[in-house]
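Residue numbers (my numbering), protein chains in the order written: chain H, 1 to 548; chain W, 1001 to 1218. Where is the CB? At the ideal position from N, CA and C, for every residue including glycine. Inspection log for the structure reproduced underneath, given as structure tokens.
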Ligand SMILES: [Cu+2]
């Protein structure tokens, strides 16, 4: 599809012209070019995203009325399990780093590729094997896993559904994530162009750097934990299952020691995208570059110390409750710092309201609501009431979808011309932005209300008093889905029909905008020498602009 | 909200509304600033940007002010939770057993029920354990919840002032009929409760002793 689009470009089609040793489809799936690998991730991730989104829409349809609406309870339980596994392991975690990180990181730091190109290709293959195994497990005898994406023991050890393939899939996906992280850390340390010192790096690169460290340090823990559950299911060892003398709470600790940092794997690159896109459309430098860069590292560090706030009702010591609640409030500070710096970046800018910026503005507001609801969850007394209710579901969708998801939409609209050498139509993109923003909030704000009313999550059925709020949320899901469809169709149509994109349609100052769209095979003819920070817009100031 | 249905309910609601209030103000400020900047500094109105690299006093301000506010929220949350975790000495112990997908309540004399009957104003201490997978006992109106885990006894307490009934839900996913694992807590006047307790104990051939005096000092 991308190749076909490139065919019609008059001025050469960059790296699309040079498939390397292989041709056709093999020129893609065996390519070690970071740009091709990025696009491979984009294609596969989009398929997983649309599948999981469809499951989400079906779940909302089921929630339209109490009792059975469209599916049986067992089917519903597999829906939310698959929705969670796919959205988390196959969409949000790889989304920004594997797609946009792969395509752009080497270009943004002035390199020809990542440090380990073959390892990079292996990461994609592992990703596909894991993803397809997760999908295939649905069709194995026994039925799809019904444990929720959290795999809580003892249920996950006892259910007769196909938990094992799902566990192994998540384990393999973990390796893909670790290897990508390793590759990025090495690339950033070793491959920066001359003059690209640490504080001249684009903030998206900073966020990828912080993310990569979490991927390397935290992912092995969930890997080994999931493996232990698999061993427990096969051999009945008794690590987590109380019936065998194990401790189910130990599982939760190990699971969240990874899965909380994983939340930051999901959200940090999104924060990086905001910091990257805002200055371009405000046509001024980012406000507080170092504070934003260091806050990413602070989030990565503090974020690894707050895992037990997912377990405040599990029966912990008061000391544990005190410490984990306190640390949870501390980890919100770096996120708050970012939000204030972003708003300040609009101050005295020269702002063009293009589609990427619109998605970023939605991101900032929705991510803030995610943060505020996080404060409510961090306060112990409130947490006890809303833990395991729709409030939590609303909160993390505000962060994950309202934040990272919209960051991905923004990144898509920002780097689309660079990746495909085509522009998209602005009108439909704005309509898609309006519909996704409206639909998103109409879908997830009611969740917060339902949660405080006392509706637990993962419920197939509910009491009649919750119905009116559920109906609003379900209608919201239709609006959101319509917005996503328009968004995707607009971009797909533009792949073939869009106007030819110039090298730098938005006036960006980072290195990817200095190379043609799409970039040539090894990105740069000669490796550039960097002399300024990444967001130097001083040329637009009054002084220089007074020339006739 | 503010039903006073348990010793914690109003406090939890107040903490929640306080954080909602502060958050709403800050969010409003962010949105107003954002929209104002978008108009005031649009490319049409302001073709020439000013590059402001940052402002350290401002960074300090928006680090320290949230920090102070957050510590206040943390303290309120902690204070509320401390009350939930301190079980009064005169609380009546009732054992709760969860299994897929029912609740069993066992009174001090061994009487078992599937609905939780309690006298009003009387602190009740629930000892929770599970026969199979994880569950979580959740009484939304009382704003309390505690996981119910096999091989482990978790404790939760409450008292309630009015003679009426409230929902008890399972909040930790436990399989096929998780959404149907509802029962009720029924609060009765002390007289009505004694009458019910005496009658049910007799029917189940359990010794009857008034519940309050049966409470061992803890
Ligand atoms: Cu249950």
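Approximately 4 Å separates the beta-carbon atoms of residue 1133 of chain W and residue 155 of chain H; this is inside 8 Å, confirming the contact.
Inclusion of residue 339 of chain H and residue 1030 of chain W in the CB contact set at 8 Å is warranted, their separation being smaller than that value.
Among the residues facing chain W, residue 389 of chain H is included, as its CB has a counterpart in that chain under 8 Å away. Judged by the Cβ position, residue 455 of chain H fails to qualify as a neighbour of ligand 1 at the 7 Å threshold, every heavy atom of the ligand being at least this far. Chain order gives the chain W residues near residue 461 of chain H as 1179 and 1180, where near means a beta carbon separation below 8 Å.
As the crow flies, the alpha-carbon of residue 252 of chain H is around 40 Å from that of residue 1058 of chain W. Using a Cβ-Cβ cut-off of 8 Å, residue 381 of chain H counts as an interface residue toward chain W, since at least one Cβ of chain W sits closer than that to its own.
A straight-line Cα-Cα distance of about 8 Å links residue 335 of chain H and residue 299 of chain H.
Checking the 7 Å criterion, the Cβ of residue 1172 of chain W is within range of a heavy atom belonging to ligand 1. Residue pairing by DSSP puts residue 389 of chain H in a beta bridge opposite H/456.
Contact annotation: in the stretch 282-295 of chain H, residues whose CB is within less than 8 Å of a CB in chain W are 282, 283, 284, 285, 287, 288, 289, 290 and 291. Distance check between residue 371 of chain H and each of W/1144, W/1006, W/1045 and W/1019 places W/1019 closest, using alpha-carbon atoms only. Taking C-beta atoms under 8 Å as the contact rule, residue 1166 of chain W and residue 1145 of chain W fail to qualify, at a distance of about 13 Å. Here residue 201 of chain H carries a coil assignment [DSSP, helix/strand/coil]. At a cut-off of 8 Å between beta-carbon atoms, residue 1041 of chain W makes contact with chain H.
Chain W places a beta carbon closer than 8 Å to that of residue 375 of chain H, counting this residue as a contact. In this structure, H/35 is the residue among H/330, H/468, H/200 and H/35 with its C-alpha nearest to the C-alpha of residue 113 of chain H. Per DSSP, reduced to three states, the secondary structure at residue 61 of chain H is helical.
In this structure, residue 144 of chain H lies away from residue 87 of chain H, with their beta-carbon atoms at least 8 Å apart. Excluding residues up to 5 positions away in sequence, 20 lie with their Cβ nearer than 6 Å to the Cβ of residue 31 of chain H in the same chain. Counting along the chain, residue 1102 of chain W sits inside the beta strand (DSSP E) bounded by residues 1102-1106. Close to residue 79 of chain H, with beta-carbon spacing below 8 Å, lies no residue of chain W; the smallest spacing is near 13 Å. The Cβ atoms of residue 373 of chain H and residue 394 of chain H sit closer than 8 Å to each other.
Contact annotation, residue 1187 of chain W with residue 1140 of chain W: C-beta distance approximately 15 Å; criterion of less than 8 Å not satisfied. Between residue 1157 of chain W and residue 1125 of chain W, the C-beta gap is smaller than 8 Å, which places the two residues in contact. The beta carbons of residue 1063 of chain W and residue 348 of chain H sit about 22 Å from each other, so the pair does not count as a contact at 8 Å. Judged by DSSP in its simplified three-state form, residue 1046 of chain W adopts coil rather than helix or strand. Taking 4 residues as the minimum length, the alpha helix (DSSP H) runs contained wholly in the stretch 448-515 of chain H are 467-497, in order along the chain.
Distances from the CB of residue 1098 of chain W to the heavy atoms of ligand 1 include at least one below 7 Å.
Only those residues of the stretch 300-318 of chain H whose C-beta falls short of 9 Å from the nearest C-beta of chain W are listed: 311, 312, 313, 314, 315 and 318. For residue 309 of chain H, the shortest C-beta to heavy atom distance toward ligand 1 is 7 Å or greater. At the C-beta level, residue 418 of chain H and residue 512 of chain H come within 8 Å of one another. Within the chosen limit of 7 Å, ligand 1 reaches the beta carbon of residue 1181 of chain W through at least one heavy atom.
Beta bridge pairing from DSSP links residue 1145 of chain W with W/1138. Spatial neighbours of residue 381 of chain H in its own chain (CB-CB distance under 7 Å, excluding positions within 5 residues in sequence) are not present. No Cβ of chain W is located within less than 8 Å of the beta carbon of residue 426 of chain H.
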